[in-house]
Amino acid sequence: MFKQGMLLIIRMIVGGLFIFSGLIKINDPVGTAIKLEEYFDVFSNDIASFFYLFKEFSLSIAVVLVVLEVVLGIMLILGVRLKVTVWALGLMILFFTFLTFYSAYFNKVTDCGCFGDAIKLTPWESFFKDIFLLILIGILFFFRKDLVNNYQPWATWTVRISVIVSVILAITAIRNLPFIDFRAYKEGVNIPLAMQPSAPLEYSYVMKKEGKEFVFDQYPTDESYEFLEMNLNNEEALPKISDFAIWNTEGDFTEGILTGDKALIMVTNISKLETSNLTEIDKMIKGLKGSGIEAVLVAASSETEIHSLIDSRNWDVKGYQGDATVIKTIMRSNPGVMLLQNGVVLKKYHYRNTPDAEAVKLLYGR
1 MFKQGMLLII RMIVGGLFIF SGLIKINDPV GTAIKLEEYF DVFSNDIASF
51 FYLFKEFSLS IAVVLVVLEV VLGIMLILGV RLKVTVWALG LMILFFTFLT
101 FYSAYFNKVT DCGCFGDAIK LTPWESFFKD IFLLILIGIL FFFRKDLVNN
151 YQPWATWTVR ISVIVSVILA ITAIRNLPFI DFRAYKEGVN IPLAMQPSAP
201 LEYSYVMKKE GKEFVFDQYP TDESYEFLEM NLNNEEALPK ISDFAIWNTE
251 GDFTEGILTG DKALIMVTNI SKLETSNLTE IDKMIKGLKG SGIEAVLVAA
301 SSETEIHSLI DSRNWDVKGY QGDATVIKTI MRSNPGVMLL QNGVVLKKYH
351 YRNTPDAEAV KLLYGR
């Protein structure tokens, strides 16, 4: 009885963590795909060039992985096909442990995305979390002959329904924007304010004198001390946003973009631009003319590509460049629309949900 009780507790812990992790990533499969692309880039350079081929299938792989996390977690808790489930979880956790170790040891991908954007873990924290799960799953694997399957029809049907619901949620999140936005650029965020420290940054200075180390809150005026390093004491006060910038060949336009009423058409990559709903963006831009709401194009592409897109669509907008990683963080859609009012994010839209000009004006009280 004691053994069965311990195995049940382990099943609940492991299953619960996998379900939690999977649901957070089902909320944003595109984010998981972006993270996989980072890994494939690193592996193609460090391990074998063929990993680059997987980038094209990153989104499909992401959907399979996040759905598996949820479904296998449910199967483990309900006791459905436990031996197969433990085998599958074991293979998954070995794969995840390899990724997190590689990230931590080689400092390649500094955020594994284990819990999406909801909970940020350092590479080593992610690795030790996976080691913890690996130990628990290892115990289940060792005692797999003692695991008792649940043959109740309701349990089997619950698993089947979870597969269907998980796939539907993942596809819905892909075809729209994430249900819950955990990122720094979510609706309601004041970007200029988020670019500032939340409190004065406090540093400590490690110095050396006569073979001994000393720590000071202020840099010592005594020149006999040898400087070793400077450490930030309150990292929680760092700006939530540190990489937002908009520019073109004429200079930096970040401040101007964060001033007034702006409708940003954001493009992560013009060469991979989804064109099916561009006519709706055409109508929105034309309808906003003269309203005081300025439509602008921000793309992680060359100026030549940006001007070519503007000319081909006959858009009366200015074109700017932005960092690809930042635009992907802001917008899980290519293209997408972000409405700003003096730097505050009013609303974000997937290209499939492009608003008409009247809806945009209404948001600005026009």
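Each residue of the sequence shown is one higher than the last, beginning at 1 in full-length UniProt numbering.
Ideal placement from N, C-alpha and C gives every residue a C-beta, glycine not left out.
Selected residue, minimal CA-CA separation from residue i, among the options
i    : options                : result
E38  : S58, S301, G256        : S58
F244 : V167, A300, E210, G290 : A300
V63  : T85, V326, K35, G138   : K35
F43  : T32, M75, K55          : K55
G31  : L362, A357, K348, T325 : T325
P239 : E255, M195, Q218, Q321 : M195
A67  : F98, F101, P29         : Checking the sequence, you will find Val at residue 67 rather than Ala. The shortest Cα separation from V67 among F98, F101, P29 belongs to P29.
L17  : L134, D261, V109       : L134
L232 : Y205, S242, F143, Y52  : Y205
V167 : L228, V298, Q218, V71  : V71
W154 : L362, F98, L78         : L78
W247 : Q321, G287, E202       : Q321
E235 : S276, P200, F142       : P200
E69  : Y203, S21, Y219        : S21
S162 : F142, L177, I26        : I26
D41  : S242, D117, K348, S103 : S103
K283 : L82, E358, K120        : E358
F142 : Q152, T100, L82        : L82
L177 : L7, L362, K3, V337     : V337
F132 : T100, K120, I119, E202 : T100
K286 : F2, R313, N45          : R313
I61  : F51, A33, F50, D46     : A33
S242 : D323, N107, S308       : D323
K108 : Y151, I281, Q152, N45  : N45
Beta carbon of residue i nearer than 8 Å to that of residue j
i    : j    : result
F175 : R352 : The residue asked about is misnamed: residue 175 is Arg in this sequence, not Phe. Yes.
L339 : A263 : yes
V215 : I293 : no
I93  : I137 : yes
I265 : P355 : no
V344 : N190 : yes
S302 : R366 : no
F96  : D130 : yes
G73  : I24  : no
A170 : S198 : no
N342 : T279 : no
L297 : G319 : yes
D261 : Y349 : no
L140 : L7   : yes
Residue i, buried or exposed, once every other Cβ within 10 Å from all chains shown has been counted against 16
i    : result
T329 : buried
Y105 : exposed
D311 : exposed
W157 : exposed
T172 : exposed
F127 : buried
K289 : exposed
T122 : exposed
D181 : buried
A48  : exposed
L228 : exposed
D117 : buried
I119 : exposed
L362 : exposed
W315 : buried
Whole-number beta carbon distance between residue j and residue i, since they are thought to touch under 8 Å
i    : j    : result
V86  : V159 : That pair is no contact at about 15 Å.
V317 : A295 : 5 Å
V76  : G5   : It is Leu, not Val, that sits at residue 76 in the sequence shown. Contact flag wrong, Cβ pair sits at about 16 Å.
Proximity test, Cβ basis, 8 Å: residue i and chain D
i    : result
E229 : In the structure shown, chain D does not exist; there is a single protein chain.
### Query
For the segment 2–13 against the segment 134–148, are there 3 or more C-beta pairs whose distance is under 8 Å?
yes
### Query
Do the segment 248–256 and the segment 220–227 meet, that is, are 3 or more Cβ pairs less than 8 Å apart?
no
### Query
Does the count of Cβ pairs from the segment 269–280 and the segment 202–220 closer than 8 Å reach three?
no
### Task
Check whether the segment 78–95 touches the segment 180–200, counting contact only when three or more Cβ pairs, one atom from each stretch, lie closer than 8 Å.
no
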